[in-house]
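Before any comments, here is the structure.
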Amino acid sequence: MISAVSLLFHLFIQFEMFQKKINTTYIIPYPRAAIVTQPVDIHHNFCKLKPLSPEETLEEQLLLESIAWPETPSLPSPLFMNSSDPAHSTFTILPRKREGQWQIGDKLEALIKIHDLMGRPKKYGGDVLLARLHNPTLGAGVAGQVVDHLNGSYSAVFSLLWEGSAEVEVTLVHPSEAVTELRRVNIEEPDRIYFKSQFRSSLLTRTTTCNVCLRPTQPVCNYTDLRTGEPWFCYKPANMSCDTRISTYNGGHKTSLTTMEKLFQSGVNMKVSIPASGPANVTVFPKQKGQLEVNSSSVESEPSGYYYQGVWRALGGTTVHQFNTSSAITQCLKGKQVYMYGDSTMGQWFEYLNAALPDLKEFNLHSHRSTGPLMALDYANNIFVRYRTHGPPLRTVRVSSMELHYIANELDNVVGGSNTVVVFGIWAHFDTFPIGFYIRRLMSIRSAVVRLLSRAPGTVVVIRTGNPKPYTTILGAFVHSEWYTFQRVKALKAIFKGLNVHLVDAWEMVLAHHLPHSMHPEPPVIKNMINVLLSYICPPKGGFTSWADFLIFGLTVFSG
């Protein structure tokens, strides 16, 4: 018994040491008034980012190295003719390594060869490619993992997860030369999306420009949050105090278009399918007893899940249940407080629950639906659901400055416990800023999550990743490019890895589905996401939802 307890205690200590330890002193008053300063500690010339501790600086450096994208070499003119061309490129399904038929559990590899517009093979990597294996008839689909060999060729690796036909689909999102331009514009024009704030004092009203990246051409009001250190600035209105700010809204976008527009042509080299050289599909048979699975690739990682008959099936230990009736959802959420934070893609989840549960009555807070706050109650079943948008930057309609709350601050005000669910998704409004800004925001939220789980370990925390989005113009790419989003998805997964949190992989759930990509996924995708969320909240009986459950179970077994 003693050795068993020692083993469990050792495992628990290892788990605790793996978590990020932070200062738990977080009760700091909200700022009442901003001060007038000039931005200092310039990053990307004029972006003032939150300073990091030495440990955080090292973590950021390692994280940036892990998501680094290959550089495009200098090319002779005309650059466009030397860029990647999907029409001249091909992919080929490689044969099974062992003789025999493809079977469930095998790994399939497609070799992608990229050529330029002159038909010449590319000799370097850096293209943005998406890959999917699917069967529309079966409602089946799974995302593929793309490996860049840095020589103009790529491998798309797929897990074979269903019986029957499986078709490979490869899409060139951006040629590597376009990525160079996307990288440049994020460094040189991080303020291409700008924001406005309205100030009012007596009968005087003025409007000024706001941003985290604000060029220091005139005095600014510093609205850096005192609790999180998250920076935000507005140009100071003439003859008015910084304390008179009343609202914030999206100002628009400005981009200095260059001669690189040809690199962003819808239907030519942006989000275009690459044809197959040979068959694009294989037939998958049931796994034969005693026959080994075949891995035709060195890629070891697995997808987070796949669709079959339109239903998302998670891999890696999570069983996704189907909550197909309002009574099933109500039973799961009974006695629960659900706090949702993030952008409008998180607001979609609130709207889904609000529509799906007839006894969940929304309380009218007279707020805009895209920003909230929104609140709904089911008194009979003691269900509370609330949604609030994250703090700036926020490309949205006019919102009161008093409603701009940072997620980390909100989490510090949540008591938590086994009756509490915290859900957040923060990604869509950060693509146009330096990724260091996004990393700092996530680190701040992570610290608050650690504090929450320390004081209330039974709290269920669920995180929604970003997902692929549609765009057809160079301006759309400069705001919504999947290259921006993909890097931020990888950063989010790395930052929260190892914590007792759950992930809804919206990136793979949208990529694997047959419906077109959308910033706000279609209802069938949202339904599957909600099923994943509810499965985390209400796991099958006998599953472990926390390390405390694991320890109790272990002690019971060993003592018995």
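Residue 470 in full-length UniProt numbering is what sits at position 470 of the sequence shown, and the numbering runs on without skipping anything. Glycine included, each C-beta is placed from N, C-alpha and C at the ideal position. The model shown is predicted, which means the values in this text are computed figures rather than measured ones.
Annotation: the continuous beta strand (DSSP E) that includes Arg206 extends over Leu204 to Asn211. Nearest C-alpha to Ser53 among Ser447, Ala68 and Leu315: Ser447. In this structure, Gly125 places its C-beta atom within 8 Å of the C-beta atom of Leu150. Relative to the Cα of Pro303, the nearest Cα in the group Glu410, Trp507 and Gly476 belongs to Trp507. Closest by C-alpha distance to Ala156, out of Leu214, Asn135, Pro219 and Thr90, is Thr90. Cys234 carries a strand assignment under DSSP once its states are collapsed to helix, strand and coil. In the DSSP assignment, Gly251 falls within the beta strand (DSSP E) that extends over Arg245 to His253.
Where Gln198 is concerned, there is no enclosing alpha helix (DSSP H), although the beta strand (DSSP E) around it starts and stops at Ile193 to Ser201. Collapsing the DSSP output to three states places Thr330 in a helix. DSSP, reduced to helix, strand and coil, places Ala314 within a strand of the structure shown. Leu161 is a Cβ neighbour of Val142, given a cutoff of 8 Å. Here Leu133 is buried, its C-beta having at least 16 other C-beta atoms within 10 Å. In the displayed model, Lys527 falls within a helix according to three-state DSSP.
Buried is the label assigned to Ala166, since at least 16 other Cβ atoms lie within 10 Å of its Cβ. Around the beta-carbon of Val397, fewer than 16 other beta-carbon atoms lie within 10 Å, marking it exposed. Per DSSP, Pro86 lies in no alpha helix (DSSP H); the unbroken beta strand (DSSP E) holding it starts and ends at Ser84 to Ile93. Judged by DSSP in its simplified three-state form, Ser447 adopts helix.
Around the beta carbon of Ile187, fewer than 16 other beta carbons lie within 10 angstroms, which makes this residue exposed. In the structure shown, the three-state DSSP call for Asn186 is helix. Cβ-Cβ separation between Asp343 and His429: approximately 6 Å, consistent with a contact (criterion under 8 Å).
Taking C-beta atoms as the reference points, Thr207 and Gln218 fail to come closer than 8 Å. Pairwise C-beta distances place the stretch 397–414 out of contact with the stretch 257–270, as fewer than three of them are shorter than 8 Å. Bounds of the beta strand (DSSP E) holding Ala143 are Ala140 to Ala143. Leu108 counts as buried, since no fewer than 16 other beta carbons sit within 10 angstroms of its beta carbon. Taking a cut-off of 8 Å on C-beta distances, the stretch 328–343 touches the stretch 352–366, as three or more cross pairs fall below it. Boundaries of the alpha helix (DSSP H) harbouring Leu63: Pro54 to Ser66, taken from the DSSP string. About 5 Å separates the Cβ atoms of Pro121 and Gly152, confirming a contact at the 8 Å cut-off. Nearest neighbour of Glu351 by Cα position, chosen from Ser367, Gly335 and Leu374, turns out to be Leu374. Nearest to Lys271 by C-alpha distance, out of Glu189, Val532, Thr205 and Ile474, is Ile474. His480: not part of any beta strand (DSSP E); member of the alpha helix (DSSP H) spanning Ile474 to His480, first to last residue. Judged by DSSP secondary structure, Tyr352 falls within the alpha helix (DSSP H) whose first and last residues are Ser344 to Ala356. Asp225 sits in coil when the DSSP states are folded into three classes, being neither helix nor strand. Sixteen is the threshold: when 16 or more other Cβ atoms of the shown chains lie within 10 Å of the Cβ of Asn467, as they do, the residue is buried. Assignment of Asp431 by DSSP, reduced to helix, strand and coil, places it in the coil class. Between the stretch 167–179 and the stretch 189–204, the count of Cβ pairs shorter than 8 Å is below three; the stretches do not touch. Contact check for Gly316 against Gly139 fails: the beta carbons are separated by 8 Å or more.
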